[in-house]
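Residue 1 is where the sequence shown starts when you use this note's numbering, and the numbers rise one by one after that.
C-beta atoms are modelled at their ideal positions from N, C-alpha and C, and glycine is treated no differently.
Keep in mind that this is a model prediction, so the values were computed, not measured.
Reviewing the structure listed below.
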Amino acid sequence: MATTESGFPFKPVYTAADLAGWDPDTALGEPGHYPYTRGVYPTMYTGRPWTMRQYAGFGTAAESNARYRQLLAAGTTGLSVAFDLPTQMGYDSDHPLAHGEVGKVGVAIDSIDDMRLLFRDIPLDQVSTSMTINSPAAILLLMYQLVAEENGISSDQLTGTIQNDVLKEYIARGTYIYPPAASLRLITDIFAYCRAEIPNWNTISISGYHMAEAGATPVQEIAFTLADGVEYVRAALATGQEIDEFAPRLAFFFVSRTTLLEEVAKFRAARRIWARIMRNEFGAKDPKSLMLRFHTQTAGVQLTAQQPEINLVRVAVQGLAAVLGGTQSLHTNSFDEAIALPTEKAARLALRTQQVLAYETDITHTVDPFAGSYVVEALTDEIEAGVNDLMSRIEDMGGAVSAIERGFQKSEIEQSAYEVSQGIDSGERVVVGVNRFTVDSEEHYEPLRVDPAIGEQQAARLATLRAKRSTADVEAALADVSHAAQSGDNVLYPMKRALAAYATVGEVSDALRAVWGQYIPPDIF
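So this is what it looks like as structure tokens:
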């Protein structure tokens, strides 16, 4: 018998009997109303499409700026910034650990000079920007705010999201810097700072995407993501913040796979579970606090280097699943991403995929097209039950951080990934072009390559920056950052002053490292 990705039996035929005892008023409600199963807004895409937010960034700030302007000219409605690995880890481009990695998986940002170049000639008061950055999220957000201020744009005009989800880094991705307690402290400081200074900014994008890419099933993806969300809410409440002060700015980030029916059900179940947690456990009153708003990216892990053009079909199906599931914004992967960074043509084709869905199909003409479907409603209920069971196990361990420290989520994901790998190797799980329907030879494909000299160029820029700035001003500002980290004051205010004085990403990160230490996972010992 076929099963879903989460391991539930897939019935050949679903009937009303599969929804015995199912109450549509409780399970569904109306679109834009509790429990938000049918979507967080009453009209969803019938008023306007989702935000088409293409993820991009590579090489230097100038190169990435050119790609952003190309995407905007092609019809992108939101930017999404990819940072290189040194930036994600809080190292400058001239650090020994940055060697060979500068500009490779994203754009290299060392100082406010780079941030100015990255957004040159882009109207920050008109474009929503998402930044996939976690441990150094506060640094990049403050640079963005400073650049906006230099261009006469007030902070209340800025809209966008920082990922800022460090807990999933300990579980599935690895770009952490500080220990969990310090990371949570920094995140709650960001919540408080943005409420006062950048009120329309989404302060966190709690991510299941990376866990799914590491092998998590849909049930695990939702359960582990929402458990992290609960941990962030509790951390903010412990600082004295009120639930309805920060909860409306929480956002989420999920994957969309080719298994369309289960993915649609997954998104619907996630909204319903979060709404109930926020209302019943935390007593949230503001409807916006109950809404699970999320960004979706199509499944990079399902792309193949073999016959890469097939990925165009995969991405279209995955994007369709995200839209039918009610996403608020979407990134569609480029067909060549299993080989290298996307070429300009491939990135444009990925955007065109969204535009076809939005303007050439009829899926935007009605809200929640699958509502009442026997199979989707049954799958939604099964996923909800599975997520609740898994979240209960995490609660029994003392919450998400305690479970992380025990290696629970990581172990569960690794087991799921192993089972998928076994299925592909045995041929039980078909991957077109890989273990079935293969070809004898592949067409030559010329990938986009990053100039290896970028590391030297960035190092030269840093040398120039350090020569022209006031060393005394930087040292005094960094001392203030250290003092705030020690005293419990909000660290973002002195961090902003340090960045304005031309302190670098690495220097600000090091000031916090010196106080909070650096996380070493227990399985290294």
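ask   = On the three-state DSSP scale, how would you describe Gly-7?
value = Walking along the sequence shown from the start, residue 7 turns up at place 7. DSSP places Gly-7 in coil when its eight states are reduced to three.
task = Using only alpha-carbon positions, find the residue among Asp-113, Ala-172, Gly-319 and Phe-119 that is nearest to Arg-69.
result = For the purposes of this step, residue 69 is taken as residue 69 along the sequence shown, with counting starting at 1. Arg-69 has its Cα closest to that of Phe-119, out of Asp-113, Ala-172, Gly-319 and Phe-119.
task = At 4 residues or longer, and completely inside the region 61 to 126: list those alpha helix (DSSP H) runs for me, N to C.
result = 61 to 74, 85 to 88 and 112 to 118
Supposed close pair Asp-473, Pro-494 - CB separation, criterion 8 Å = Residue 473 sits at position 473 when you count from the first residue of the sequence shown. Residue 494 sits at position 494 when you count from the first residue of the sequence shown. About 12 Å separates the two Cβ atoms, so there is no contact after all.
request  = Please determine, among Asn-280, Ala-265 and Ile-394, the residue with the shortest C-alpha to C-alpha distance to Ile-383.
outcome  = Position 383 of the sequence shown, counted from the start, is the residue given in the question as residue 383. Per the Cα distances, Ala-265.
key: Distance CB(Tyr-14)-CB(Ala-378) smaller than 8 Å   = Position 14 of the sequence shown, counted from the start, is the residue given in the question as residue 14. Position 378 of the sequence shown, counted from the start, is the residue given in the question as residue 378. Cβ distance < 8 Å, so Tyr-14 and Ala-378 count as in contact.
request  = Could you please give the first and the last residue of the uninterrupted alpha helix (DSSP H) stretch that includes Met-495?
outcome  = If you number the sequence shown from 1, residue 495 lands on position 495. Unbroken alpha helix (DSSP H) run through Met-495: 492 to 500.
inquiry  = Let me confirm a value: Leu-97 is counted as buried when at least 16 other C-beta atoms fall within 10 Å, else exposed. Which label applies?
reply    = Along the sequence shown, one-based indexing puts residue 97 at 97. Classification for Leu-97: exposed.
task = May I ask which residues mark the beginning and end of the beta strand (DSSP E) holding Val-255?
result = The count along the sequence shown starts at 1 and reaches residue 255 at position 255. Start and end: 250 to 256.
query = Which one of Thr-3, Arg-53, Gly-59 and Asp-244 has the shortest CA to CA distance from Gly-455?
reply = Here the question's residue 455 lines up with position 455 in the sequence shown. For Gly-455, the nearest C-alpha among the options comes from Gly-59.
Inter-residue spacing [alpha-carbon to alpha-carbon] between Glu-231 and Ile-187 = Counted from its first residue, the sequence shown places residue 231 at position 231. Counted from its first residue, the sequence shown places residue 187 at position 187. CA-to-CA, the gap between Glu-231 and Ile-187 works out to about 11 Å.
query = For Ala-2, which residues of its own chain have a beta-carbon under 7 Å away from its beta-carbon, when the five flanking residues on both sides are left out?
reply = By 1-based counting over the sequence shown, the position of residue 2 is 2. Correct list, in chain order: Phe-10.
ask   = Can you round the beta-carbon distance between Leu-499 and Ile-139 to whole angstroms, since I take them to be within the 8 Å contact cut?
value = Taking the first residue of the sequence shown as 1, we reach residue 499 at position 499. Taking the first residue of the sequence shown as 1, we reach residue 139 at position 139. Contact flag correct, Cβ pair sits at about 7 Å.
Residue span of the alpha helix (DSSP H) that contains Phe-246, given as start and end = Taking the sequence shown and counting its residues from 1, one reaches residue 246 at position 246. Unbroken alpha helix (DSSP H) run through Phe-246: 243 to 246.
inquiry  = Short of 6 Å in beta carbon distance, which residues of its chain neighbour Pro-42, apart from the five on each side in sequence? Order them along the chain.
reply    = Position 42 of the sequence shown, counted from the first residue, corresponds to residue 42. The answer, listed in chain order, is Pro-31 and Gly-32.
query = Who pairs with Gly-160 in a beta bridge, going by DSSP?
reply = Stepping through the sequence shown from its first residue, residue 160 is reached at position 160. Bridge partners of Gly-160: Thr-129 and Trp-201.
inquiry  = What residue range does the beta strand (DSSP E) around Ser-154 cover?
reply    = Taking the sequence shown and counting its residues from 1, one reaches residue 154 at position 154. It is not in any beta strand (DSSP E) - Ser-154 carries neither H nor E in the DSSP assignment.
inquiry  = Are there any heavy atoms of the ligand GDP lying less than 7 Å away from the beta-carbon of Ser-411, as far as the coordinates show?
reply    = Judged by which ligands are present, the structure shown has none, so any question about the ligand GDP falls away.
ask   = Whose CA, out of Glu-419, Val-323, Glu-414 and Ser-6, lies closest to the CA of Ala-214?
value = The residue labelled residue 214 in the question sits at position 214 within the sequence shown. That would be Glu-414, whose Cα lies nearest to the Cα of Ala-214.
query = Counting along the chain, where does the beta strand (DSSP E) carrying Ala-514 start and finish?
reply = Reading the sequence shown from its first residue, position 514 is the one you call residue 514. That residue, Ala-514, is in no beta strand (DSSP E); its alpha helix (DSSP H) goes 505 to 516.
query = What span of residues does the beta strand (DSSP E) with Arg-406 cover, start to end?
reply = Numbered from its first residue, the sequence shown carries residue 406 at position 406. From DSSP, Arg-406 is part of no beta strand (DSSP E); its letter is neither H nor E.
query = Skipping 5 residues on each side, what residues in its chain have a beta carbon closer than 8 Å to that of Gly-39?
reply = Walking along the sequence shown from the start, residue 39 turns up at place 39. Once the five neighbours on either side are set aside, the close Cβ partners of Gly-39 are Pro-31, Gly-32, Arg-271, Gly-326, Val-367 and Asp-368.
query = If we ignore side chains and look at the alpha-carbon of each, how far apart do Ala-181 and Ile-109 end up?
reply = Mapped onto the sequence shown, residue 181 falls at position 181. Mapped onto the sequence shown, residue 109 falls at position 109. Taking the CA atoms as reference points, Ala-181 sits about 26 Å from Ile-109.
Residue from Arg-48, Thr-258 and Ser-329 with nearest C-alpha to Ala-251 = By one-based count along the sequence shown, residue 251 stands at place 251. For Ala-251, the nearest C-alpha among the options comes from Ser-329.
inquiry  = Please classify Tyr-359 as buried or exposed, where buried requires at least 16 other C-beta atoms within 10 Å of its C-beta.
reply    = Here residue 359 refers to the residue found at position 359 of the sequence shown. Classification of Tyr-359: exposed, given that the 10 Å Cβ count is below 16.
task = Say whether the region 330 to 349 touches the region 12 to 28, bearing in mind that this needs 3 or more beta-carbon pairs closer than 8 Å, one atom from each stretch.
result = Because the criterion of three Cβ pairs below 8 Å is not met, the region 330 to 349 and the region 12 to 28 do not touch.
task = Tell me, to the nearest whole angstrom, how far the beta carbon of Asp-228 is from that of Ser-289; I am working on the premise that it is less than 8 Å.
result = For the purposes of this step, residue 228 is identified with residue 228 of the sequence shown, where counting begins at 1. For the purposes of this step, residue 289 is identified with residue 289 of the sequence shown, where counting begins at 1. Rounded, the Cβ-Cβ distance is 17 Å, inconsistent with contact.
query = Can you list, in chain order, the residues of its chain whose CB lies under 7 Å from that of Tyr-502, leaving out five sequence neighbours each side?
reply = Position 502 of the sequence shown, counted from the start, is the residue given in the question as residue 502. Ser-111, Ile-112, Leu-465, Arg-469 and Val-474, listed in sequence order.
request  = Assign Trp-516 to buried or exposed, taking buried as 16 or more other Cβ atoms, counted over all protein chains shown, within 10 Å of its Cβ.
outcome  = Position 516 of the sequence shown, counted from the first residue, corresponds to residue 516. Under this definition Trp-516 is a buried residue.
key: Beta-bridge partners of Val-432, as assigned by DSSP   = Walking along the sequence shown from the start, residue 432 turns up at place 432. Answer is Arg-436.
inquiry  = Buried or exposed for Asp-121, going by 16 or more other Cβ atoms inside 10 Å?
reply    = Here residue 121 refers to the residue found at position 121 of the sequence shown. Looking at its Cβ environment, which holds fewer than 16 other Cβ atoms inside 10 Å, Asp-121 is exposed.
request  = Kindly indicate the opening and closing residues of the beta strand (DSSP E) around Met-52.
outcome  = Sequence index remark: in the sequence shown, residue 52 carries index 52 (1-based). Counting along the chain, the beta strand (DSSP E) containing Met-52 begins and ends at 51 to 56.
request  = Under 7 Å Cβ to Cβ from Trp-50, same chain only, skipping five residues before and after it: list those, please.
outcome  = For the purposes of this step, residue 50 is taken as the residue at position 50 of the sequence shown. Correct list, in chain order: Val-323, Thr-327, Gln-328, Ser-329 and Leu-330.
key: Distance, Gly-160 Cα to Trp-201 Cα   = Residue 201 sits at position 201 when you count from the first residue of the sequence shown. Residue 160 sits at position 160 when you count from the first residue of the sequence shown. Straight across, the Cα-Cα distance linking Trp-201 with Gly-160 is about 5 Å.
ask   = Taking the C-alpha atoms as reference points, what is the distance between Gly-506 and Gly-7?
value = Start at 1 with the first residue of the sequence shown, and residue 506 comes out as number 506. Start at 1 with the first residue of the sequence shown, and residue 7 comes out as number 7. Distance between the alpha carbons of Gly-506 and Gly-7: 44 Å.
ask   = What are the boundary residues of the alpha helix (DSSP H) that includes Thr-46?
value = The residue given as residue 46 occupies position 46 in the sequence shown. Run containing Thr-46: none; DSSP gives neither H nor E here.
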